[in-house]
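Heads up: the structure comes next, in structure tokens.
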Amino acid sequence: MRHEQSSGQAMLDLTRNAVEVLPEGLLDQQLKGDRLLRVKLGIDPTTSDIHLGHTVVLEKLREFQEAGHTVVLIVGDFTAQVGDPSGRSTQRPLPSAEEIAANASTYQEQAFKVLDRERTEVRFNSEWLRMEPEVLLGLLAQTTVARLLERDDFQKRLSANAPIAALELLYPLLQGYDSVAVKADVEIGGTDQKFNLLFGRDIQSAYGQKPQSILTMPILVGIDGTQKMSKSLDNYVGVTDPAEEMFGRLMSIPDEAMPEYYRLLLGAELPSGAPNEAKRELGRRIADRYHGAGAGEDAEHRFNQIHVFKGVPDDVEEIDLHPYSANGKQVHMPLLIARVFGESSSEARRLIEQGAVKIDGEALPADAWDLEPEALFGKVVQVGKRRFKRIKPDG
RNA sequence: GGGGGAGUGCCCGAGUGGUUAAAGGGGACUGGCUGUAAACCAGUUGGCUAUGCCUACGCAGGUUCGAAUCCUGCCUCCCCCA
């Protein structure tokens with residue numbers, strides 16, 4: 443069931459954008475064989491969203507699927523309780539069991555926005571990692587502390603006198619055991635995963651399996667253009683974000699980050715020409731990818747309404763004024779803003795003082811704390827550039 | 001087991017008895033400008049229907065007219081020696 447395309451051709455495609463493919467020549471050899479490969483990716487459900495950073499790796503997996511291989515997606519519901527030290531200078535805050543369960547349940551769905559369901563095997567690693575103590579001891583016997591401490595992350599912490607939790611030490615052993623459990627031929631991850639991925643090879647050997655080959659992908663920089671994309675830094679674009687949110691967030695990436703976004707997300711070179719148009723194109727294509735053709739244009743239209751024409755978008759949620767104008771009394775604006783836009787009343791006051799609150803486009807004077815309800819009927823209340831609510835015409 | 005050090009606002013971090021809601025930076029937010037939710041410039045950044053009141057410098061007490069700053073106990077964390 444191997445296809446026509448030569449493996450030389452396959453290599454070209456499958457290693458595109460990869461940073462490292464190790465050990466030298468192994469993947470090539472595997473692809474030349476007639477067995478379809480089991481390609482592993484582990485994602486710990488430590489946060490609720492899969493973002494574009496993850497999709498760099500997911501897209502690579504999809505390429506393997508397109509070449510006929512099977513993807514084994516491991517939802518790290520167990521390893522999430524341990525905390526991957528990769529790329530961290532402090533211990534990862536561990537999510538609660540409830541959070542992990544909640545995140546794990548949405549992960550597959552999100553991953554399938556990129557992956558082909560038919561060629562994906564989803565496994566939760568608690569299935570095999572919730573093991574007998576004897577088995578765990580057997581696993582621990584496979585390595586030394588020196589090996590576990592070798593990783594760059596720990597070396598940095600040691601020289602900075604920063605703590606390393608004993609739990610973190612176990613991480614690569616567990617991830618490696620995942621490879622054993624699913625009999626991985628190839629494991630893919632970000633460059634920050636190199637140590638873990640290589641460690642998996644040792645564990646597989648120790649359990650009498652052929653060690654996997656590893657392929658690392660570049661880490662996508664966040665929309666701040668400086669740090670890696672991550673939920674905790676809030677510099678990410680989630681695959682489940684609304685189209686206009688995706689578009690807007692992508693418009694906010696620094697121009698310098700564009701070549702990388704083009705290369706890693708679109709698989710293309712940054713077009714020459716107006717940077718603004720290139721950025722818009724990026725936004726449209728990503729929005730289309732996750733929300734269907736046309737979503738990008740709609741998002742762009744909304745973006746133009748708000749940011750270019752400084753107008754009001756078409757679809758503004760209507761709210762009831764009654765809770766704020768009992769018996770036709772004056773409406774206390776700080777309270778209204780606070781409740782309707784989810785701010786504290788102190789923050790709402792500051793926003794009014796800063797001229798950030800507009801009624802039908804007119805900035806509310808800094809001292810206009812109270813308004814007659816009639817002055818608000820049917821009007822659009824705007825906070826900052828991009829938050830809008832319309833008051834119902836009859837209040 | 002012994003010794004040393006640290007816990008400050010979203011984060012980092014100054015402050016070691018008195019205009020301290022707490023320097024500075026980062027982030028975030030707002031305004032200006034702009035092709036942009038970029039860059040740049042400026043401002044804001046505990047809460048409360050609020051010219052005042054409340055809460056806040058790990059926790060609990062205490063000293064004092066007055067404490068993040070001093071004392072006591074407790075908790076947590078880090079480092080070094082063994």
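In terms of my numbering, the first sequence opens at residue 443 and continues consecutively.
No residue lacks a Cβ here, since even glycine has one placed at the ideal position from N, Cα and C.
Computed from a prediction, not measured in an experiment: that's the story for all the values here.
Buried versus exposed, by CB contacts within 10 Å (16 or more), residue i
i	result
D620	buried
D627	buried
H445	Any reading at H445 must be qualified, since the residue scores a pLDDT of 44, below 50, and its modelled position is unreliable; the value itself is stated next. Classification for H445: exposed.
S531	exposed
G709	exposed
L579	exposed
Q654	buried
E574	exposed
D594	exposed
D762	exposed
R458	exposed
Q447	For Q447, the predicted model reports a pLDDT of 46, less than 50, meaning its position is unreliable and no value from the coordinates is stated.
Y766	buried
M443	Here M443 scores only 41 on pLDDT, less than 50, and its place in the model is too uncertain to base an answer on.
R477	exposed
G525	buried
G803	exposed
Residue from the options with nearest C-alpha to residue i
i	options	result
I656	V481, D476, E816	V481
P717	L469, D644, D683, D697	D697
E462	N677, M659, R829	M659
I779	R731, V681, K831, M671	K831
E508	P807, E560, P575	E560
W570	T585, E592, G518	G518
R791	W811, I801, I645	W811
V564	P713, M671, L483, Y613	L483
G715	L793, P701, I794	P701
I801	S788, A808, L818	L818
L464	Q772, L640, I728, P755	L640
D634	K827, P835, A460, R829	A460
Q523	L515, G529, P535	P535
T497	A539, E540, Q550	Q550
S538	V556, P527, T489	T489
Residue i vs residue j beta-carbon contact at 8 Å
i	j	result
I661	G642	no
K673	D491	yes
R504	D558	yes
E814	A741	no
I630	K474	no
F745	F689	yes
I833	V825	no
D681	Y732	Correcting the residue identity first, residue 681 is Val in this sequence and not Asp. For V681 and Y732, yes; Cβs fall inside 8 Å.
P487	N545	yes
L707	L469	no
F506	V513	yes
V663	A720	no
L890	Y703	Outside the modelled stretch of the chain, which goes from 443 to 837, sits residue 890, for which no answer is possible.
According to DSSP, residues forming a beta bridge with residue i
i	result
V799	V825
K670	V663
T562	V513
K831	V823
D730	Partner(s): none; D730 has no beta bridge.
E760	R832
Enclosing alpha helix (DSSP H) for residue i [first to last residue]
i	result
M775	775 to 783
M659	No alpha helix (DSSP H) contains M659, which is instead part of the beta strand (DSSP E) from 655 to 659.
L600	594 to 601
I685	According to the sequence displayed, residue 685 carries Ala and not Ile. First-last of the alpha helix (DSSP H) with A685: 685 to 693.
S547	539 to 553
V577	575 to 582
K474	468 to 474
E702	700 to 703
V622	608 to 624
Continuous beta strand (DSSP E) stretch holding residue i: start and end
i	result
I485	480 to 485
E462	462 to 464
V499	V499 -> not in any beta strand (DSSP E); alpha helix (DSSP H) instead, spanning 494 to 508.
I630	628 to 632
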